[in-house]
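One structure is given below, encoded as structure tokens.
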Amino acid sequence: MLKHLYIKNYTLIDQLDIAFHSGFSVITGETGAGKSIILGAIGLLLGNRADSKQIKQGEKKCTIEAHFDLSNYGFDFFFAEHDIDFEPEDTIVRRELTATGKSRAFINDTPVSLQMMRALGEQLIDVHSQHQNLLLQKDDFQLNVIDIIAQDSKELAAYRSAFQQYKEAERRLSSVKEQISKAQENEEFMRFQFSELDNAGLIEGRQEELEQESETLSHSEDIKTAFYEADNLLNDDDSGVISKLGKSLDSLGDIEKVYPKAQELVQRLSSVHIELKDIAGEVSSEVENIDFDPSRLDSINQQLDLLNTLEQKFHVSTEKELIEIRDNIAEQLKNIDNSDEELDLLEQDVKAKLVACEKQAEKLTGLRHKAIKIVEEQMKSRLIPLGIPNVRFKVELSPKALSLDGADKVQFLFSANTSTAMEPVAQVASGGEIARVMLSLKAMVSGAVKLPTIIFDEIDTGVSGKIAQKMALIMQEMGDNNRQVISITHLPQIAALGSSHYKVEKEETAEGTRSHMRELTQEQRVTEIAQMLSGADISDAALQNARELLELSKKKK
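Take a look at the structure:
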């Protein structure tokens, strides 16, 4: 529950530092005093969007901080999951805004994202304002009420998992159908392309070999002439290098016995002679092997022209890329050929997942049907004491197409008397009746959900007198059930039943208009309630009436 609220430099508030109590508390104040400002500040702690204009004029920063006692609400898992230190009896949530537009959020002094603050905030405080009455027009709100009473969160999670698997199978089937359809439209062209590439006999690395062979054949005469001249220079019997080197060896061999140094030179020349003879032999062989073949050159150039044409056509630069395109087209054609089999498998998968989804939906529907009886009985029992003695309240559950929340459409039907037909509650209930319906729903739901704090912002709109008092008793009962309930009200009957009473006031100062909030003493409550009864001029009768209301509230407690 909310223990303490600290606000600094927020709109018209210089500084607010106030404690809250368990049970049922009320906040009163004249219209425009600043109650909405307090709610706005609390909204920032719940992750609402911030605006630098909310900072008090002339200040650079504003801070809103709240302390909560969460020791009885099972929040251990949330803090462990998000790796935040948990202080059960003093959890601190803080929001800071700067004039430059920056916003920072903290949980127990740990910086967190706004999304995480929102995730925690929606589990800490439920703020029910007048515009929330419009929720009665929304099917998802009404279905959520039924689900809360049904306590079907596990079944709903299982259904949603099955539904998402079913939709994913549908998406896969649709995607493959689209791919096959596009492929079939281009099938004839793709087969032509594949044939063109396949007939080219593509082999990775072959283009480079062909280019080298073409270069060689194009210069075959020059190559043959060069080898022929080299052969003559090496092998000519009279003037060749081999012949002359042999003669040099003979000359030095004749003197090696008488001139020892010549022996070393003979060995070296002998090695060179052997190597040169080997080289000369290869040169002679090449002279015989090299032959100009114009037809071979034409064939190679034709193959290279084909490869270059294909590369230009398919916007690539290598034979390897052409091979990848060919193989990709082959795979697409294979898919077309096997498309019926693939589609059949995917369609079977969709049907199987649909059946699984429908089974989970049936379980969910069964639990909701059981919850409907509880809701109808509780709503009647709560609305009759609130001044609608002939109320009829029915929950209509009808089938709908599978969606993320199941296969059920929920509608709350309402009639305030026996002579009119039941219609959707938002269409036929008056403002005061809708307020009572919403309070009854909140009271019912709060019994099934462990929510620490509920704030009602003028839920008493359109009611007065004894009905207002009975509404206050409901809120008082909610506050006594290990829950904190705070009601912002203009009605003295509700204000008198609060165990704590706060007043929001506005005053004009030298620095401008300022709002502040204080907890009232018992005697101050008498004055405040008397003023709510009679207006600015408080009469003795109003004071006496106020005391009687407060005494009556003690007895009802």
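Numbering (our numbering), first residue to last: 42 to 598.
We treat Cβ as the ideally placed atom computed from N, Cα and C, and that holds for glycine.
Predicted model, so just to flag it, every value in this text is computed and none were measured.
Exposure of K101 is indicated by the presence of fewer than 16 other C-beta atoms within 10 angstroms of its C-beta.
Leaving aside the five residues that flank V526 on each side, the residues in its chain whose CB is nearer than 6 Å to its CB run, in chain order, F65, I495, M516, M519, G520. Within the region 163-238, the complete alpha helix (DSSP H) runs of at least 4 residues fall at 180-191, 194-226.
Secondary structure remark: continuous alpha helix (DSSP H) runs of at least 4 residues inside the region 237-323, in chain order: 247-259, 261-276, 282-294. A direct Cα-Cα distance of roughly 19 Å separates T461 from L427.
Looking at R423, K354, L274, E262, the one whose alpha-carbon comes closest to that of S325 is L274.
Between S336 and A371, the alpha-carbon positions lie close to 34 Å from each other. Out of V545, E418, M463, the CA that lies nearest to the CA of L482 is found in E418.
Bounds of any beta strand (DSSP E) do not take in N523, whose DSSP letter is neither H nor E.
T550 is bridged by DSSP to G553.
Nearest to R423 by C-alpha distance, out of L514, E211, S540, L306, is L514. Q164 is the residue among Q565, E262, Q164 whose C-alpha sits nearest the C-alpha of L86.
In this structure L258 does not touch L351 by the C-beta definition: roughly 22 Å separates them, more than the 8 Å allowed. When rounded, the separation of the alpha-carbon atoms in Q373 and L443 is 35 Å. Residues R135 of the same chain have their beta carbon placed closer than 6 Å to that of F147, with the five preceding and five following residues left out of the count. For the set E297, I579, L111, the Cα lying nearest the Cα of L161 is the one of L111. Between Q183 and the set L286, L197, H531, A467, the nearest pair of CA atoms involves A467. One Cα belongs to D124, the other to E130, and the distance between them is close to 18 Å. In the displayed model, E106 falls within a strand according to three-state DSSP. Nearest Cα to E548 within the set S154, Q220, M558: M558. By the 16-neighbour rule on beta-carbons within 10 angstroms, A476 is buried.
Contact between the region 186-206 and the region 397-415 is established, with three or more Cβ pairs separated by less than 8 Å.
With a 10 Å radius around the Cβ and a threshold of 16 neighbouring Cβ atoms, P493 comes out buried. Within the region 466-533, the alpha helix (DSSP H) runs of at least 4 residues that lie entirely inside it are, in chain order, 466-469, 472-487, 506-521.
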